[in-house]
Amino acid sequence: MTSLQLGAKEEMVEKFLDAAARGDLTLVSTLLSHVPSLINQKGDSGWTGLMLAARNGHFGVVEALLSQGCDKFLVNSSSQTAYDISKFWGHRNISNLLSRTDEGCQRVLPGSDLHQQENYFSREMLDRLSGKRADKVWMEAKRSDPGTVYLLFSNLNPMISSSKEDEDNRVESRLCRFRFEAVKDLLQKPQTLVIFLGVEKRKTPFSSSSSSSSPLQTEEVTQEPPAWFAISTDEDAAELLKRCREKHSCFPKLPHRDLLKLSEEEAGVVAQARSVLAWHSRYSFCPTCGSSTKMEEGGYKRRCLNSDCRSLKGVHNTCYPRVDPVVIMLVIHPDGNQCLLGRKKIFPTGLFSCLAGFVEPGESMEEAVRREVEEESGVKVGPVSYVSCQPWPMPSSLMIGCLAVAISTDIKVDENEIEDASWFTRQQVTETLLKGPRPALTIPPRQTIAHQLIRHWIGMNSNL
Ligand SMILES: NC(=O)c1ccc[n+]([C@@H]2O[C@H](COP(=O)([O-])OP(=O)(O)OC[C@H]3O[C@@H](n4cnc5c(N)ncnc54)[C@H](O)[C@@H]3O)[C@@H](O)[C@H]2O)c1
Ligand SMILES: [Mg+2]
Ligand SMILES: [Mg+2]
Ligand SMILES: [Mg+2]
Ligand SMILES: [Zn+2]
């Protein structure tokens with residue numbers, strides 16, 4: 334794109350955002366009918382048109398944007414969605430609109446108008462097409478298709494390239510994507526694992542006014558969407574990096590930190606790929622009889638090579654990728670104004686987080702919350718309610734996020750598990766969230782469900 338075209342594009346985005354911020358519905362609609370992609374564009378401030386309309390209370394604009402398929406889960410640089418913004422500024426009619434799910438759903442499941450929290454690592458940009466995994470002919474054709482996207486993994490980490498994003502030197506990372514030609518030698522090596530991740534989800538047609546489609550749009554609709562695969566190889570990481578033409582490419586050294594710099598879409602793909610690859614790396618031998626196993630069904634099954642093995646008769650969960658449920662909970666003081674947070678020895682100084690623990694066999698989610706909180710802090714818990722969950726691919730947990738109410742308040746820390754636990758007031762937590770000058774504590778970053786549970790509790794009772 335020439336600098337002139339770039340300038341014109343930026344100008345169009347600013348015009349659109351300004352119209353949304355002022356509530357000029359006519360101009361918003363006109364601009365969208367010419368350039369549909371404006372709908373989810375962010376301006377220099379990191380805000381979308383939906384966020385600006387939600388900030389200024391323009392119900393009509395919010396309604397129009399939603400009806401045209403706007404992504405209401407996008408976040409600004411303070412990780413607020415349009416819903417958070419409207420709630421903060423007291424536009425209740427807009428926050429109600431943004432938290433509403435399809436009316437049909439509400440009739441079937443009353444209460445389903447609750448705001449559906451989407452956490453980092455949980456966005457699904459691919460259709461997993463599980464029905465195609467056993468179709469060897471289809472899978473083979475997709476593997477050699479020139480449109481197919483390959484991601485390269487080494488030691489469970491994806492190859493990424495990083496760029497400096499803004500003045501605060503915040504780094505944003507992107508997955509390095511390869512085509513068949515660039516990886517076909519790797520695909521032939523017997524040690525290479527190839528996992529089918531899915532095909533790109535089709536965007537729903539934008540609006541009826543765009544049905545007089547250009548030749549390009551018609552072509553987009555008739556072509557099969559690209560398939561995505563993850564490749565894991567034992568080839569030397571430095572050698573693999575030579576395949577990448579992008580400048581700052583690497584395999585992350587600290588996944589807990591580095592994998593949090595991806596976009597929401599790419600994080601979702603990594604959550605899937607990394608957990609499946611981690612399962613393969615740990616389950617090379619059959620858990621039932623100890624024989625060797627081989628991969629099947631696009632990487633979603635391992636079959637024991639011992640023909641007498643029990644795992645070949647009937648369905649056995651040992652043959653499929655494992656997920657470990659973990660409860661993570663924000664425990665609220667009976668006075669409603671404090672929450673219980675703890676810290677492990679390995680946490681950086683001053684960092685406190687929600688308590689968490691693995692669900693044990695034969696245990697309900699609620700009981701796991703009560704047991705883990707009492708084990709780790711000595712605090713007894715009464716009612717527990719589910720809020721949202723997060724796949725956590727380190728290596729394969731599902732974090733089940735809950736709020737819980739304490740029925741006792743004395744703290745007695747189990748030092749084997751955590752170093753310290755304490756009640757923090759709503760004001761202390763709010764100052765931390767608002768990045769006040771001298772916060773009493775720090776909390777995990779916005780990409781973690783711990784952060785989102787804390788934010789949820791503060792938002793829930795803000796009476797704005
Ligand atoms: N995304 C987030 O916000 C967030 C926050 C906190 C913790 N986590 C994750 O939750 C996980 C569990 O939290 P925790 O460590 O406090 O759990 P925990 O309190 O149950 O203690 C962990 C111990 O439980 C045992 N254990 C029981 N089942 C296990 C299993 N399936 N896998 C591994 N160990 C098992 C081990 O001895 C382990 O040391 C951690 O691994 C961490 O990665 C994520
Ligand atoms: Mg524990
Ligand atoms: Mg724990
Ligand atoms: Mg435990
Ligand atoms: Zn076996």
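Throughout the sequence shown, residue numbering follows my numbering, covering 334 to 797 in sequence. Backbone N, C-alpha and C define an ideal beta-carbon position, used for all residues, glycine too. Predicted model only: the values in this text are computed from it and were never measured.
1. Apart from the five residues just before and just after L431, which ones in its own chain have a Cβ nearer than 8 Å to its Cβ?
2. Ordered along the chain, which non-local residues of its own chain (more than five positions away) have a Cβ less than 6 Å from that of A604?
3. Confirm, please, whether the CB-CB distance from L766 to R788 is below 8 Å.
4. Is there a Cβ from chain C that is less than 8 Å from the Cβ of R355?
5. Under a Cβ-count criterion, where at least 16 other Cβ atoms within 10 Å of its own Cβ denotes burial, should F691 be classed as buried or exposed?
6. So, are the CB atoms of R507 and S494 less than 8 Å apart?
7. Inspect the CB distances between the segment 555-573 and the segment 471-490 and report whether three or more fall short of 8 Å.
8. So who's on the other strand from K627, going by DSSP bridges?
9. What are the boundary residues of the beta strand (DSSP E) that G423 is part of?
10. In three-state DSSP terms, what is W612?
11. Using beta-carbon positions only, say whether H613 and M628 come within less than 8 Å of one another.
12. Since V656 and L593 are thought to touch, with beta carbons under 8 Å apart, how far apart are those beta carbons, to the nearest angstrom?
13. In angstroms, rounded to a whole number, what distance separates the CA positions of N749 and V714?
14. Can you give me the C-alpha to C-alpha distance between F618 and T626, rounded to a whole angstrom?
15. Taking just the CA atoms, how far does T682 sit from I638?
16. On the three-state DSSP scale, how would you describe Q671?
17. What is the DSSP secondary structure of A773, counted as helix, strand or coil?
18. Can you list, in chain order, the residues of its chain whose CB lies under 6 Å from that of Q550, leaving out five sequence neighbours each side?
19. For I791, name the three-state secondary structure that DSSP assigns.
20. Who are the Cβ neighbours of P777 in its own chain at under 6 Å, not counting the five residues just before and after it?
21. Does ligand 3 have a heavy atom nearer than 7 Å to the CB of E707?
22. Assuming C722 contacts I733 under a Cβ cut-off of 8 Å, what Cβ separation, rounded to an integer in Å, is found between them?
23. Using the three-state DSSP reduction, which class does I782 fall into: helix, strand or coil?
24. Counting only the same chain and skipping the five closest in sequence on each side, list residues whose C-beta sits under 7 Å from that of K475.
25. When you get a sec, list the residues whose CB is within less than 6 Å of any heavy atom of ligand 5, chain order please.
26. Considering W725, what are the terminal residues of the alpha helix (DSSP H) in which it resides?
27. Tell me whether H391 is buried or exposed, calling it buried when 16 or more other Cβ atoms sit within 10 Å of its Cβ.
Considering the structure as presented:
1. A387, V395, L399, K405, T414, A415, Y416, S419, H448
2. Same-chain partners within the cutoff: F454, P724, P726.
3. In this structure, L766 lies closer than 8 Å to R788 by Cβ.
4. Among the protein chains of the structure shown there is no chain C, as only one such chain exists.
5. exposed
6. yes
7. yes
8. According to DSSP, K627 shares a beta bridge with R636.
9. Element bounds for G423: n/a, residue is neither H nor E.
10. helix
11. Yes, the Cβ-Cβ distance between H613 and M628 is below 8 Å.
12. So it is not a contact: roughly 20 Å between Cβ atoms.
13. 21 Å
14. 6 Å
15. A quick correction: the sequence has Leu, not Ile, at residue 638. Straight-line Cα distance between these residues: approximately 50 Å.
16. strand
17. Annotated three-state conformation of A773 is coil, per DSSP.
18. In this predicted model, Q550 has a pLDDT of only 44, less than 50, meaning its place in the structure is not dependable; the value taken from the coordinates is given anyway. Same-chain partners within the cutoff: there are none.
19. helix
20. S686, A783, H784
21. no
22. 5 Å
23. helix
24. T481, A560
25. Near ligand 5, meaning a Cβ closer than 6 Å to any of its heavy atoms, lie the following residues in chain order: C619, T621, C622, S624, C637, N639, C642, S644.
26. Where W725 is concerned, there is no enclosing alpha helix (DSSP H), although the beta strand (DSSP E) around it starts and stops at 714-725.
27. buried
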